[in-house]
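Participant:
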């Protein structure tokens, strides 16, 4: 029963996320087309012309994104109930969780900084992860001995999910910042605000990734007897962390803003994806996920 | 002033290079590149590095993939990047650069925490992005007193100063948060120090092998011996492993110290030495008698190794005196034609590195004579390979990493707040109050200036002023 519930919730989440993204895109198309429509004397809501204000399309898009977040949560909870462990034990489950993290952090940042526009690049990532997950075997399997550690499985992977989610938001802010670096795009916030959002997201992701690595090495010591073994996923996460460390220094010490720091955010996210996917290419001790 | 001597100049240049952000970024980039290379090129298993024959075999298999580039890549240690000199050099360089930066920044952070001037540069009050302007009819000193009360009520640490008719005030909160960044960098250095401590004063035995019922000396100067009482393995219905359990008794200098169970996620720790369940396999219990019928060996031989190029498990026994070395070979997976039949073993006797004799396989309980020695395969048993680690640096690593994360949280989420106030009389008798904030990190967020100035404006009964448009907070 929980398995079917999980499958159902996943399907609904996928559908609502797709529609949500579609509405966000439509909303921007509306804003871009508004002046032209007005010139053709088509009646246009003044809301649409003033960028930054919340239009009906945007409101529904955000509602749908929230909705898909709830269904993703339900899918994860249902799997946890069915398998009696945190839903983090296979590439399928981790992809769901990563997608969940991206949507969760997006909603937080959209609400906190009034920047729903981040959806434009966060939601495609979340969608891509869900679509990828649907190609993977999702059957519930009991845990092999190395994964039988309830506390560390839950906390170590939950931290990774939050960190990856935050880096996805930072990536979206970086891309938008690149589009807006001359401050001449009327449907985007000023580039300094986007830059600040990217920084805020890294402020969340950076310590949490550090915690992920620390807990991972505590677990590695418990299960395998070495806290660091240069396993591909382990190493890639360290490199990712160092890249974001470089970003923080460049920004805080050297005052990098706009284009250059945005490029670092995109590079950091590439490293994040490499970390997420690296174990599948190269095996290693994270072979299961 | 005399011109600095050339060694001083060189040292200064070196120091500047060392603390430069460019160097740190370059090192991080190089490390990232090495990491990508190390994860995309298949790395040699660490156990092979010290075994010449296994290493050559591994390289031969790599040759199929990389062709003539293989030996070149090997010379650049591209197959063992994470133990390479280049990686170590980069890590050492990063550590030195980190240490230099920490030392370089320390005086500034220290004086910023403890000796911030009450009267800053005038320029600070002119930067309209970070300044709020209020006006009041109170004289400057009384105004400062009033503002002081407001700030103190908000648990700011307040200091004041007067200069002619102008009054200054500095309000600080969470000034020790500035030590957060320092904690991060010191933590990172301490992690590396902890790794070093483990390398120097720790030890590791990746394959401490004990057969069921046997005991084995750990050695390495510990006086610890372990007996494997029982090993059990459990599987799920689909054949995947479910649990491995080793019940062991630990002996300390011959005295029984305790009994414990070692599982994959629950190592046994005794006096700083950790025993981890690592691998297991079959062993053969054999008895060997010399020509006079005296037993020279009886016990279990763990078949924990492989002959090069073969899948058959192999173990060996060194016999006393010049009787030679015995290799015991167990049944392999059955794919090879010469493999040993299931339930039997094969014996090879070596003397001075030369194969003396190797009869056909031995069935259980049937003695066989080889070069005068009588071999009896008593029964099958199992062995467990434990990974044994003593790492006195580990605690340092955990504490340092915790310190680092704590420092990050403090630096990011509990930033110090610092407001300067200047109350200057104008010619018309009105006092002009300027509140400035120093927020280097979040220029778009004003560091709480708006909220603070609103509180102050209400307390002063701000009467409005010639505006440069920035005094709006109280009226907005």
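Chains as they are written, first to last, in this note's numbering: chain Z, 102 to 390; chain A, 51 to 526.
Just so it is clear, CB atoms sit at the ideal spot from N, CA and C, and this is done for glycine as well.
Is there a C-beta anywhere in chain A that falls below 9 Å from the one on residue 323(Z)?
Facilitator: Yes, its Cβ sits closer than 9 Å to a Cβ of chain A.
Participant: Could you name the residues of chain A that residue 355(Z) contacts, counting a contact when the two beta carbons are closer than 7 Å?
Facilitator: 71, listed in chain order.
Participant: Skipping 5 residues on each side, what residues in its chain have a beta carbon closer than 6 Å to that of residue 165(Z)?
Facilitator: 117, 120 and 121
Participant: Is there a Cβ of chain A sitting closer than 9 Å to that of residue 212(Z), yes or no?
Facilitator: no
Participant: CB residue 338(A) to CB residue 376(A), shorter than 9 Å?
Facilitator: yes
Participant: Using a Cβ-Cβ cut-off of less than 9 Å, give me the residues of the region 164–179 of chain Z that come near chain A, in sequence order.
Facilitator: none
Participant: Please report the residue range of the alpha helix (DSSP H) in which residue 105(Z) lies.
Facilitator: 103–140
Participant: Is residue 302(Z) closer than 9 Å to residue 271(Z) when the C-beta atoms are compared?
Facilitator: yes
Participant: Using a Cβ-Cβ cut-off of 9 Å, state whether residue 441(A) counts as contacting chain Z.
Facilitator: yes
Participant: By the three-class DSSP mapping on this structure, what secondary structure does residue 283(A) have?
Facilitator: Strand at residue 283(A).
Participant: Alpha carbons only, please: which of 294(A), 173(A), 84(A) and 153(A) is nearest the one belonging to residue 131(A)?
Facilitator: Of 294(A), 173(A), 84(A) and 153(A), the residue nearest in Cα terms is 84(A).
Participant: Within 8 Å, do at least three Cβ pairs link the region 156–167 of chain A to the region 118–125 of chain A?
Facilitator: no
Participant: Should residue 129(Z) go down as buried or exposed, given a rule of 16 or more other Cβ atoms within 10 Å for buried?
Facilitator: A residue is called buried once 16 or more other Cβ atoms fall within 10 Å of its Cβ, and residue 129(Z) is buried on that count.
Participant: Cα separation between residue 494(A) and residue 348(Z)?
Facilitator: At residue 494(A), the pLDDT of 46 sits below 50, so the modelled position is not reliable; the number obtained from the coordinates is stated separately. Roughly 19 Å between the two C-alpha positions.
Participant: Just verifying my parser: in three-state terms, what is the DSSP assignment at residue 307(A)?
Facilitator: Assignment of residue 307(A) by DSSP, reduced to helix, strand and coil, places it in the strand class.
Participant: Mind pulling the beta strand (DSSP E) runs of 3 or more residues that sit fully within the region 167–244 of chain A?
Facilitator: 181–186, 207–213 and 216–223
Participant: Nearest to residue 230(A) by alpha carbon, out of 292(A), 149(A), 499(A) and 464(A)?
Facilitator: 464(A)
Participant: For the region 445–460 of chain A against the region 350–363 of chain A, are there 3 or more C-beta pairs whose distance is under 8 Å?
Facilitator: no
Participant: By alpha-carbon positions, which one of 228(Z), 335(Z) and 168(Z) ends up nearest to residue 89(A)?
Facilitator: 335(Z)
Participant: For the candidate residues 312(Z), 264(Z), 293(Z) and 252(Z), whose alpha-carbon lies nearest to that of residue 305(Z)?
Facilitator: Of the candidates 312(Z), 264(Z), 293(Z) and 252(Z), 264(Z) places its Cα closest to the Cα of residue 305(Z).
Participant: From which residue to which residue does the beta strand (DSSP E) around residue 320(A) run?
Facilitator: 318–320 is the span of the beta strand (DSSP E), which, as asked, contains residue 320(A).
Participant: With 9 Å as the threshold, decide whether the Cβ of residue 310(A) is near any Cβ in chain Z.
Facilitator: So no, residue 310(A) is outside the interface.
Participant: How many Å lie between residue 235(A) and residue 246(Z) at the Cα?
Facilitator: 36 Å
Participant: Roughly how many whole angstroms lie between the Cα atoms of residue 204(Z) and residue 170(Z)?
Facilitator: 6 Å
Participant: Are residue 185(A) and residue 500(A) close, meaning C-beta to C-beta below 9 Å?
Facilitator: no
Participant: To the nearest angstrom, how far is the alpha carbon of residue 152(A) from that of residue 364(Z)?
Facilitator: 27 Å
Participant: Between residue 232(Z) and chain A, is any beta-carbon pair separated by less than 9 Å?
Facilitator: no
Participant: With which residues is residue 333(A) paired in a DSSP beta bridge?
Facilitator: 352(A) and 431(A)
Participant: In chain A, which residues lie less than 9 Å from residue 265(Z) when you measure between Cβ atoms?
Facilitator: Those do not exist, as residue 265(Z) stays about 17 Å from chain A at its closest Cβ, beyond 9 Å.
Participant: Give me the Cα-Cα distance between residue 395(A) and residue 347(A), rounded to the nearest whole angstrom.
Facilitator: Between residue 395(A) and residue 347(A), the alpha-carbon positions lie close to 16 Å from each other.
Participant: Can you list, in chain order, the residues of the region 234–248 of chain Z whose Cβ is nearer than 9 Å to any Cβ on chain A?
Facilitator: Using a CB distance below 9 Å, the part of the region 234–248 of chain Z facing chain A consists of 242, 243, 244, 245, 246, 247 and 248, ordered along the chain.
Participant: For residue 273(Z), which residues in chain A fall below 8 Å Cβ to Cβ?
Facilitator: Per Cβ cutoff of 8 Å: no residues; residue 273(Z) is ~18 Å from chain A at best.
Participant: List, in chain order, every chain A residue whose beta-carbon is nearer than 8 Å to that of residue 304(Z).
Facilitator: 462 and 463
Participant: So residue 310(Z) contacts chain A; which residues on that side make the cut at Cβ distance below 8 Å?
Facilitator: In chain order: nothing, as chain A lies at least about 10 Å away.
Participant: Hey, would you say residue 363(A) sits closer than 9 Å to residue 380(A), going by beta carbons?
Facilitator: yes
Participant: Please list the partners that residue 532(A) has in chain Z, where partner means a Cβ-to-Cβ separation under 9 Å.
Facilitator: Lying before the first or after the last residue shown, residue 532(A) is absent from chain A, which here runs from 51 to 526.
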